[in-house]
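A.B. asks: Quick note, the sequence shown lines up with residues 300 to 476 if you use the working numbering.
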Amino acid sequence: MNERIRHIWKTDLFLSAEGDTRNFAATVKSNVTQLEGGRGLRLGIVPESIEYANHAGVKYDRSKGLWVVSLADPNGFMGLFNDAYHAVARSMCTLGKQPTPPYYTKPSAKAQKVQEQIEKYPEATVLDIEGALNEAAQQSLIIESHRLISVNAPEWLHIKQKAPKVFSPKPKFHKLV
300 MNERIRHIWK TDLFLSAEGD TRNFAATVKS NVTQLEGGRG LRLGIVPESI
350 EYANHAGVKY DRSKGLWVVS LADPNGFMGL FNDAYHAVAR SMCTLGKQPT
400 PPYYTKPSAK AQKVQEQIEK YPEATVLDIE GALNEAAQQS LIIESHRLIS
450 VNAPEWLHIK QKAPKVFSPK PKFHKLV
């Protein structure tokens, strides 16, 4: 396999600025210990961790050969997921007039506000709530575009255009007597 693209399979995203024809490869991992560099990869995106907590979000990691961007993750994804789950579950218990779950399933203050909003609109459907959350999350800040990107083909793949060689027998003449 060509050395230039040997680790390109590790790429999760190709990033570019709007209108720019150049792209660079990025890898995204949920755990910093799973981050691996490779030829062609330029950027690693990970949640905040001890190794990258004291930096302003971006640090060059020489051992991996990547610029590592650590995104703030104060509660971790599962903490956020559980918080949202408990907020929705408690609002369903309230709306369905069910007993309140134990104290340890109480969501955070932020999630309790979501719970209150859900309880204010008992006629809202799940799709209405999902649409409102998507709008609040400003999903349109990041746009996704699908297009083929050019790859500089290796030298051996280029077909060189040369004048064709013509092979023909050399004529031989015999004297007539």
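A virtual CB, placed ideally from N, CA and C, is assigned to each residue, including glycine.
Taking the continuous beta strand (DSSP E) assigned at aspartate 427, which residues delimit it?
C.D. replies: Looking at the DSSP string, aspartate 427 is not in any beta strand (DSSP E); the run it does join, the alpha helix (DSSP H), is 425 to 435.
A.B. asks: On the CB-based measure, 16 or more other CB atoms within 10 Å of its CB, does valine 476 come out buried or exposed?
C.D. replies: exposed
A.B. asks: What's the call for serine 369, buried or exposed, on a 16-neighbour Cβ count within 10 Å?
C.D. replies: buried
A.B. asks: Tell me the rounded alpha-carbon separation between valine 327 and lysine 363.
C.D. replies: 14 Å
A.B. asks: Return the CA-CA distance between glutamate 454 and arginine 321, expressed in angstroms with no decimal places.
C.D. replies: Taking the CA atoms as reference points, glutamate 454 sits about 21 Å from arginine 321.
A.B. asks: Beta carbon of leucine 312, beta carbon of glycine 336: below 7 Å?
C.D. replies: Judged by their CB atoms, leucine 312 and glycine 336 are not nearer to each other than the 7 Å cut-off.
A.B. asks: Could you tell me the distance, in whole angstroms, from the CA atom of glutamine 460 to the CA atom of arginine 446?
C.D. replies: 30 Å
A.B. asks: With DSSP as the reference, label leucine 514 as helix, strand or coil.
C.D. replies: Outside the displayed range of the chain (300 to 476) lies residue 514, so it cannot be described from this structure.
A.B. asks: Quick check: glycine 339 and alanine 316, are their CB atoms within less than 7 Å of each other?
C.D. replies: no
A.B. asks: Hey, could you find the ends of the alpha helix (DSSP H) valine 413 is sitting in?
C.D. replies: 408 to 419
A.B. asks: Would you list the one or two residues that DSSP bridges to threonine 326?
C.D. replies: Gly343.
A.B. asks: Roughly how many whole angstroms lie between the Cα atoms of proline 400 and histidine 385?
C.D. replies: 9 Å
A.B. asks: Can lysine 358 and valine 367 be called in contact, C-beta distance under 7 Å?
C.D. replies: yes
A.B. asks: Assuming isoleucine 428 and isoleucine 417 are in contact, meaning their beta carbons sit under 8 Å apart, how far apart are those beta carbons, in whole angstroms?
C.D. replies: 7 Å
A.B. asks: Buried or exposed: which applies to threonine 310, given that a residue is buried once 16 or more other Cβ atoms fall within 10 Å of its Cβ?
C.D. replies: buried
A.B. asks: Classify arginine 389: buried if its beta carbon has 16 or more other beta carbons within 10 angstroms, exposed otherwise.
C.D. replies: buried
A.B. asks: Going by DSSP, what residue range makes up the beta strand (DSSP E) through tyrosine 402?
C.D. replies: No beta strand (DSSP E) contains tyrosine 402, which DSSP labels as neither H nor E.
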